[in-house]
Structure formats: C-alpha cells, structure tokens
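Structure (structure tokens):
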C-alpha cells in the first residue's frame, strides 16, 4: 500500500488543466433583507434596530442575554447591554 498526500492547490490546478472543474454555485441569501422599505436613510443615526440574543454559559450553568442597538445606515453597533436576565421595569 502506498500513501500519497496531495495539496488541494495541486489538485485544483490539475483538474483545471484537464477541464474537469465545475462552476461554483452562487450562494443566495435565505432571507432577503426587508428592512426600512418605506423610508430613505441618508445619514447615520437616523434609524436604529434592536437585536436581542441569548446564550448559555456551560461552566456556570446559566444563561445570559445581549441586546445590541444597530445603526441601520452603516450596520455598526451603537450600544449593547449584556445582562444575566432581562427584567421589565414596573
């Protein structure tokens, strides 16, 4: 039994020389972005959106929540809050 190892670049080059490469597929977005269809956003800080996510800390056996405020114009995070729980003020 003979073991051979080939670099993926060499395999790609040889397949290209033999014309056996296929065209790569075009990745389509699963969900088209339908944000702000009724407004024209022309500058920064004119419209924000909120993204709330949660995660699990395995070693401490608890969850955490992160709320991010995003600027729609340039997709930057303006502010974020990281808390162990979300409470509504009474």
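Residue numbers (the working numbering): 647 to 736. Quick reminder that beta carbons are idealized off the backbone N, C-alpha and C, glycines included.
Please report the Cβ distance between residue i and residue j, rounded to the nearest whole angstrom; I am assuming they are in contact, meaning their Cβ atoms lie under 8 angstroms.
i           : j           : result
residue 723 : residue 710 : The Cβ separation is near 17 angstroms, so there is no contact.
residue 661 : residue 667 : 5 angstroms
Does the distance from the CB of residue i to the CB of residue j come in under 8 angstroms?
i           : j           : result
residue 727 : residue 713 : yes
residue 682 : residue 657 : no
Give me the residue from the options with the minimum Cα distance to residue i.
i           : options               : result
residue 701 : 665, 730 and 666      : 730
residue 687 : 652, 672, 708 and 720 : 720
residue 725 : 674, 649, 685 and 694 : 694
Tell me, please, which residues DSSP counts as bridged to residue i.
i           : result
residue 726 : 714
- Item | Ranges of the alpha helix (DSSP H) found wholly within the region 652–712, counting only runs of at least 4 | 654–663
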